[in-house]
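Everything below concerns the one structure shown next.
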Amino acid sequence: MTDRFRISLDAPISLLEGYFSLPALEAARVLNPYEDRKEVSSSVQNCAAFKIDIPRSMETKDGSKRIIEIKLTGNFQVATAIDDFQSIKLDKGLCQLLTIEWSTQSPTFDAEIAALRCFTDPPSEGEGPSHKARCAFELIQNFHGIKEYYSLHTDFPHLKDPVMQAIPPLIRDKFSKFNRDQRAAFDGLAKMPYGLHFVNGCPGAGKTEWNMVVSGLIHSGKRAESKRRFSPILFLVDINETVTQAADRYQSLCQAANLSVNVVRMYGWPHEVRNSDKVKSAEETQASRFTREFLTAAGLARQTTLKRDKKKAPTLDEAAWEYFDRYQGKALLPLKELLEKMESGQALSNKD
């Protein structure tokens with residue numbers, strides 16, 4: 145299954161302008177904005193929340209083929225605003241019958257097969273995995289015959305002796321409390337075959353804590369000969385809740401250690417990357433998924449007094465909105481003007 149699917153309303157919508165149907169609407173899982181709010185019942189807190197893309201304009205069916213802008217979801221609205229807590233409740237009398245359509249294909253399986261083919265298919269000129277990546281792939285199949293080692297301490301010299309470096313006291317203290325196994329795993333970062341390092345341990349052995357502290361150590365200094373202030377770290381886990389907990393945990397660690405690091409909790413990483421502006425072709429004129437998601441975050445931020453819990457890692461859309469909110473009067477002034485135009489109800493031109 146996936147966090148994205150399509151829904152269709154079983155009953156048509158009756159308005160003064162006529163009857164309208166809403167078939168095959170795109171729906172995507174989002175964080176429940178009420179999961180930590182005591183003002184609503186636990187039944188609301190425990191619900192899964194989805195964002196549904198609904199068209200703002202519809203073609204009339206009276207033969208005139210006119211395009212009209214209309215609010216089709218007014219009949220479904222149960223509250224005046226997202227922070228109207230008294231009206232946010234589950235009521236069987238307000239239920240709507242939906243048809244949900246899931247795709248039967250497995251994104252994870254498809255991604256794994258595609259990645260495998262990158263290694264098994266003959267390499268094409270200028271494309272495919274690097275020499276280091278191919279060696280790492282061969283190592284997973286046969287742990288013998290290692291010829292090259294990679295040292296993380298070379299790229300980050302301050303890892304050679306963290307206790308003596310200018311590292312935040314909190315992270316330095318956590319490093320000094322590593323047990324024997326955690327310290328052995330840390331020392332292993334200096335000699336990783338083809339860049340691979342396996343850290344084994346049963347639940348509760350301290351693997352997550354080790355990852356958090358090592359990440360904090362890396363972010364406490366710069367990569368050798370790099371102009372970047374911080375080096376990006378990608379934390380991948382196949383269980384959603386585990387990723388969320390790890391992201392929130394690292395967010396809290398960085399805040400406590402006064403490390404100005406941007407922690408972003410990604411949802412549906414392949415989907416977000418596939419639909420981002422960065423990978424879109426120059427000829428494509430449709431708005432990217434990221435743009436639509438950002439506008440959703442912008443709308444929520446402008447229409448509610450709910451504030452994001454700073455102890456939790458933001459999603460990509462929340463992080464993008466916070467960045468915009470910080471720089472909207474400077475480099476992002478054109479985007480600010482566009483949002484104000486939308487908020488006032490003005491129609492957007494093709495140029496917009």
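Be aware that the sequence shown starts at 145, since it is given in the numbering used here, and climbs by one per residue.
Each residue gets a CB set at the ideal place from its N, CA and C atoms; glycine is no exception.
Option in the options with minimal Cα separation from residue i
i	options	result
Trp246	Arg367, Arg173, Tyr293 and Asp392	Arg173
Ser375	Gly473, Gly360 and His288	Gly360
Phe149	Ala168, Asp265, Pro199 and Ala349	Ala168
Lys276	Gln472, Met336, Ile315 and Ala258	Met336
Asn176	Phe164, Thr217, Pro273 and Ala193	Ala193
Ser320	Asp305, Gly332, Cys279 and Ala334	Asp305
Ala334	Ile315, Phe300 and Phe322	Phe300
Leu403	Glu369, Ile362, Asn190 and Gly345	Ile362
Ser134	Ile196, Ser158 and Lys318	For residue 134 there is no data in the structure shown, the boundaries of the chain being 145 and 496.
Gly332	Lys371, Leu296, Leu159 and Glu170	Leu296
Tyr178	Asp453, Lys318, Glu484 and Arg470	Asp453
Arg327	Asp382, Asn355 and Ile311	Asn355
Asp325	Ala463, Pro312 and Lys351	Lys351
Ala464	Ile244, Pro266, Cys262 and Val408	Val408
Lys366	Ala310, Tyr294 and Glu170	Ala310
Val357	Phe220, Thr298, Tyr394 and Asn344	Tyr394
Local conformation of residue i per DSSP, three classes
i	result
Thr352	helix
Tyr467	helix
Ala172	strand
Phe330	helix
Arg278	helix
Arg393	helix
Met336	strand
Leu477	helix
Thr252	helix
Thr459	strand
Arg409	strand
Ala431	Low confidence applies here, because Ala431 scores a pLDDT of 41, under 50, leaving its location unreliable and the question unanswered by this model.
Exposure label - residue i; buried when at least 16 CB within 10 Å
i	result
Met308	exposed
Gln430	Its pLDDT being 39, under 50, Gln430 is placed unreliably by the model, and the measurement read from it follows with that caveat. Exposed, since its Cβ has fewer than 16 Cβ neighbours within 10 Å.
Leu238	exposed
Ser425	With a pLDDT of 45 at Ser425, under the threshold of 50, the predicted position of this residue should be treated as unreliable, though the coordinate-derived value follows. Its Cβ having fewer than 16 others within 10 Å, Ser425 is exposed.
Asp461	buried
His189	Before going on, a small fix: residue 189 reads as Gln here, not His. Classification for Gln189: exposed.
Val405	buried
Arg373	exposed
Tyr411	buried
Phe330	buried
Ala259	exposed
Cys398	buried
Ala401	buried
Tyr163	exposed
Ile257	exposed
Ile315	buried
Ser158	exposed
Extent of the continuous beta strand (DSSP E) run through residue i
i	result
Tyr163	Gly162 to Phe164
Glu245	Leu242 to Glu245
Phe529	With the chain represented from 145 up to 496, any question about residue 529 goes unanswered, as that position is not in the structure.
Lys195	Ala193 to Ile196
Ser268	Where Ser268 is concerned, there is no enclosing beta strand (DSSP E), given that its DSSP letter is neither H nor E.
Host alpha helix (DSSP H) of residue i (start-end)
i	result
Ser158	Here Ser158 belongs to no alpha helix (DSSP H); instead the beta strand (DSSP E) covers Ile157 to Leu159.
Val188	Ser186 to Gln189
Phe300	Unbroken run through Phe300: none, as it is neither H nor E.
Arg316	Pro313 to Ser320
Segment contact flag, the stretch 328 to 347 with the stretch 275 to 284, C-beta cutoff 8 Å, min 3 pairs | The stretch 328 to 347 is in contact with the stretch 275 to 284.
Cβ pair count under 8 Å reaching 3, the stretch 389 to 400 against the stretch 451 to 465 | Here the stretch 389 to 400 lies against the stretch 451 to 465, with 3 or more beta-carbon pairs under 8 Å apart.
So, do the stretch 223 to 235 and the stretch 177 to 186 have three or more beta carbon pairs nearer to each other than 8 Å?
-> Segments in contact, yes.
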